[in-house]
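First the structure, in the form of structure tokens, and then the observations on it.
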Amino acid sequence: MKLVVSFRIEIPSLFFACTVWFTCNLTWQLEYDSSNETCSDSSIKQKELTISLQNRKCRHFSGELVIAEDDDVTEVVVEELESVTGCIHMVDTNVVKANFSSLKSLVYNKGNCLTDYALLVIGNDNLEEVIFHNEFKVDSNRVYIRANKKLKHERIAPNGEQFDIGTPEGEIFLNGYSFLTFILMKANSTTF
Numbered sequence: 003m004k005l006v007v008s009f010r011i012e013i014p015s016l017f018f019a020c021t022v023w024f025t026c027n028l029t030w031q032l033e034y035d036s037s038n039e040t041c042s043d044s045s046i047k048q049k050e051l052t053i054s055l056q057n058r059k060c061r062h063f064s065g066e067l068v069i070a071e072d073d074d075v076t077e078v079v080v081e082e083l084e085s086v087t088g089c090i091h092m093v094d095t096n097v098v099k100a101n102f103s104s105l106k107s108l109v110y111n112k113g114n115c116l117t118d119y120a121l122l123v124i125g126n127d128n129l130e131e132v133i134f135h136n137e138f139k140v141d142s143n144r145v146y147i148r149a150n151k152k153l154k155h156e157r158i159a160p161n162g163e164q165f166d167i168g169t170p171e172g173e174i175f176l177n178g179y180s181f182l183t184f185i186l187m188k189a190n191s192t193t194f
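Heads up, the sequence shown is in the numbering used here, so the first residue is 3 and it goes up one at a time.
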């Protein structure tokens with residue numbers, strides 16, 4: 003899919019009137035290699051990702067995998083994933099049980115992710131349980147689980163105690179900023 007965005011900037015001046023036109027081509031694509039069941043995200047937005055993942059069997063994923071509210075397709079794909087290079091963000095969903103039972107490896111890749119976390123699970127008010135594969139490996143410093151009102155350590159299996167999940171009602175902070183402030187600053191700056 004190719005999206006062309008045009009916008010106009012007018013710069014008034016005492017000496018001349020200038021109108022500048024910019025055209026920006028944005029391409030969203032999900033690369034899929036059926037021989038090894040690998041999906042790769044290339045600056046894809048959630049809606050396009052969800053559509054692209056339908057009817058594909060992804061065992062390996064490279065990129066930023068976002069599970070957002072009412073996204074049943076991505077939830078099903080996550081259940082089949084064995085490895086992710088990049089990150090998984092599960093934000094503000096109605097999910098009760100997050101099933102990562104096939105996921106053995108989650109390796110953070112800064113180039114693919116908006117935040118500094120390989121696994122970001124926040125604001126999921128109904129989330130009661132998170133299940134990982136018995137051999138699941140992730141750098142626990144790259145895991146951020148906060149503000150999931152019903153989630154308790156003992157409902158994260160296996161080894162939920164390795165993750166700091168904060169308090170159920172706790173404020174969400176990333177790098178000293180509230181989550182919303184942090185995301186807005188990251189979105190508006192390439193150097194933050």
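Here a beta-carbon is modelled for each residue, glycine too, at the ideal position from N, C-alpha and C.
- V140 and L121 do touch by the CB rule: their CB atoms are close to 6 Å apart, below 8 Å.
- Contact between Y119 and R144 holds: CB atoms are separated by about 5 Å, below the 8 Å threshold.
- Going by DSSP, I69 is part of the beta strand (DSSP E) stretching over H62 to I69.
- Bounds of any beta strand (DSSP E) do not take in N114, whose DSSP letter is neither H nor E.
- Here the alpha carbon of D127 sits roughly 17 Å from the alpha carbon of E156.
- Ranked by how close their Cα comes to the Cα of I133, the residues A100, Y146 and T117 have A100 in first place.
- Sequence-distant Cβ neighbours of E137 in its own chain, meaning closer than 7 Å and more than five residues away, are K106.
- Beta bridge pairing from DSSP links E131 with K99.
- Annotation for L67: I90 place their beta carbon closer than 6 Å to its own, counting only its chain and skipping 5 residues before and after.
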